[in-house]
Amino acid sequence: MHTNLVKIALLCIFSLNPKFAQKIEINEEIVTVYSTSLVKRNNGNPVQVGIIEITDETIKSINVELQFPDRIEKYQFKELDKNQHIISFEFPVLKKPVKVKVKIAQNGSIIMENTIQFLPPKTWKIYDVQVSHHDLGYADYYQLMRRDVREMGIENAMEYSRKTDGWPKNSQFHWTIETSEPMIQYLSEQSEEVLTELLERVNKGQIAIGGVHNSVSTEHLGYEAMARLFYTPNRYVSDWFTTKPSKTALITDVVGFTRSLAMYSKEADIPYFMFGRNSTVKSFDKAEDAAAFYWQSPDKDSKMTHSKVWHYYSPDRLIKYDTREIAGLTRRYEAHKNYPYSCILAEDSYDFGMPDFKNVEAIKSGTQSMLIPQWYLVLLTCILRI
Numbered sequence: 533m534h535t536n537l538v539k540i541a542l543l544c545i546f547s548l549n550p551k552f553a554q555k556i557e558i559n560e561e562i563v564t565v566y567s568t569s570l571v572k573r574n575n576g577n578p579v580q581v582g583i584i585e586i587t588d589e590t591i592k593s594i595n596v597e598l599q600f601p602d603r604i605e606k607y608q609f610k611e612l613d614k615n616q617h618i619i620s621f622e623f624p625v626l627k628k629p630v631k632v633k634v635k636i637a638q639n640g641s642i643i644m645e646n647t648i649q650f651l652p653p654k655t656w657k658i659y660d661v662q663v664s665h666h667d668l669g670y671a672d673y674y675q676l677m678r679r680d681v682r683e684m685g686i687e688n689a690m691e692y693s694r695k696t697d698g699w700p701k702n703s704q705f706h707w708t709i710e711t712s713e714p715m716i717q718y719l720s721e722q723s724e725e726v727l728t729e730l731l732e733r734v735n736k737g738q739i740a741i742g743g744v745h746n747s748v749s750t751e752h753l754g755y756e757a758m759a760r761l762f763y764t765p766n767r768y769v770s771d772w773f774t775t776k777p778s779k780t781a782l783i784t785d786v787v788g789f790t791r792s793l794a795m796y797s798k799e800a801d802i803p804y805f806m807f808g809r810n811s812t813v814k815s816f817d818k819a820e821d822a823a824a825f826y827w828q829s830p831d832k833d834s835k836m837t838h839s840k841v842w843h844y845y846s847p848d849r850l851i852k853y854d855t856r857e858i859a860g861l862t863r864r865y866e867a868h869k870n871y872p873y874s875c876i877l878a879e880d881s882y883d884f885g886m887p888d889f890k891n892v893e894a895i896k897s898g899t900q901s902m903l904i905p906q907w908y909l910v911l912l913t914c915i916l917r918i
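Numbering-wise, our numbering puts 590 at position 58 of the sequence shown, and it's gapless, one number per residue.
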């Protein structure tokens, strides 16, 4: 009987002692902590950004202690709501990997205690590319869509380009017109003033016209139709509008691509080709994993077009441009075992895609506040040229 009383007394002592109670509460699956490659300018004193992810939405406040080899950083986060369970924190920029002892407590109870390796930031360059998508679709009558999607997109691009004149070059608006299909009618209806400005912006490299006439299922085309697919933008429109031939051809949201595309594109002197594949084309999955590749034509010519396969609904398209979204993008590529590059294509393209000025404003703000990643608003050709 006395033995049982002693056991009960010991249990009471252990349960009342915070030291022992904290150890019982630890559940490291609740919290994830990691460093990111984001670096804020912080008024000339750069700081690196880390992330805390909490899966338990009932947690309303936490105290965080990070024990670096040469210092201790402490943070307190209060009044967390369900949308704030991915929390960013800042610490001096690392120059080499370090092991950090992380301790997180809620109301005095430790919910996470672990040693985690923090990494120095990788200098990422994110290329934000806005591309129209002239999907015929079934959203409206064709003649109305021609006006609302194709021609109005060009006008909006001109307006946004004017707004950013005088801005740093990397922050100026850029627009890639997917195909040359809307150009003939649009050019024939414009005043001399509009044509002059558009020509200046094309020559400046701010607006680009795609190197094929339309996005089509090329396996259905004969030889002449395939040739005209390249002839119209790169000779007819180019000669009439006095611009140089296109650098990049795009075919987007079609079921498949015939191998003869490789032959026609290199014969048309197109240096770059972007295939915005439809999700049904599973055979291109492996090709999409590669940053880019040279696609040899059936004639085995050593002259080849530099090609890239990408889902036209880009998985890397940014919408909010906040810390959480940007950190998620860079971290995904840092975990990629077959991606040694330091640049990311964040393509903004979707069905009936129109120019968006929110991207420009977000990137201008991000450039002012962040040292890493570095932002570039560019044409699609620029990212394929890298």
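Positions of the beta carbon are idealized from the N, C-alpha and C atoms, including for glycine. Note that the structure is predicted; figures quoted are calculated from it, not measured.
Secondary structure at residue 646: strand, using DSSP grouped into helix, strand and coil. When C-beta atoms of the segment 685 to 703 are compared with those of the segment 878 to 897, three or more pairs fall below 8 Å, so the two segments count as touching. Rounded to whole angstroms, residue 573 and residue 622 show a C-alpha spacing of 11 Å.
By the CB criterion at 8 Å, residue 718 and residue 914 fall outside the cutoff.
Secondary structure at residue 606: strand, using DSSP grouped into helix, strand and coil.
The residue among 722, 853, 824 with its C-alpha nearest the C-alpha of residue 916 is 824. Listed in chain order, the non-local C-beta contacts of residue 877 below 7 Å within the same chain comprise 659, 661, 848, 915, local neighbours out to five positions each way being set aside. The C-alpha of residue 566 lies about 7 Å from the C-alpha of residue 650. For residue 898, the CB contacts under 7 Å within the same chain, skipping 5 residues up- and downstream, are 853, 907 in chain order.
Scanning its chain for C-beta atoms nearer than 6 Å, with the 5 sequence neighbours on each side dropped, one finds around residue 793 the residues 750, in chain order. Judged by DSSP in its simplified three-state form, residue 819 adopts helix. When the beta-carbon positions are compared, residue 911 and residue 706 come within less than 8 Å of each other.
The residues 741, 742, 745, 764, 765, 769, in chain order, have a CB closer than 7 Å to that of residue 712 in the same chain once the five nearest residues on each side in sequence are set aside.
Per DSSP, the unbroken beta strand (DSSP E) holding residue 571 starts and ends at 563 to 572. Around the beta-carbon of residue 891, 16 or more other beta-carbon atoms lie within 10 Å, marking it buried. By the C-beta criterion, the segment 773 to 788 is judged to be in contact with the segment 803 to 811, since at least 3 inter-stretch pairs fall below 8 Å. Assignment of residue 752 by DSSP, reduced to helix, strand and coil, places it in the helix class. Annotated three-state conformation of residue 778 is coil, per DSSP. CA-to-CA, the gap between residue 753 and residue 784 works out to about 16 Å.
With distances taken between CA atoms, residue 828 lies nearest to 797 out of 797, 858, 889. Excluding the 5 residues flanking it on each side, residue 568 has same chain C-beta neighbours closer than 7 Å at 581, 582, 583, 859, 862, 863, in chain order. The three-state secondary structure of residue 860, taken from DSSP, is helix. Bounds of any alpha helix (DSSP H) do not take in residue 825; it lies within the beta strand (DSSP E) bounded by 825 to 827.
With 16 or more other Cβ atoms inside 10 Å of its own Cβ, residue 905 counts as buried. For residue 772, the enclosing alpha helix (DSSP H) has its first and last residue at 770 to 773.
Of the candidates 762, 709, 731, 665, 665 places its Cα closest to the Cα of residue 881. Excluding residues up to 5 positions away in sequence, 656, 657, 658, 659, 915, 918 lie with their Cβ nearer than 8 Å to the Cβ of residue 875 in the same chain. A distance below 6 Å between beta-carbons, with the five flanking residues on each side excluded, links residue 609 to the following residues of its chain, in chain order: 594, 619. Here residue 866 carries a helix assignment [DSSP, helix/strand/coil]. Around residue 606, the same chain offers 595, 596, 597, 598 as residues with beta carbons nearer than 8 Å, after the five sequence neighbours per side are excluded. The alpha-carbon separation between residue 894 and residue 776 amounts to approximately 32 Å.
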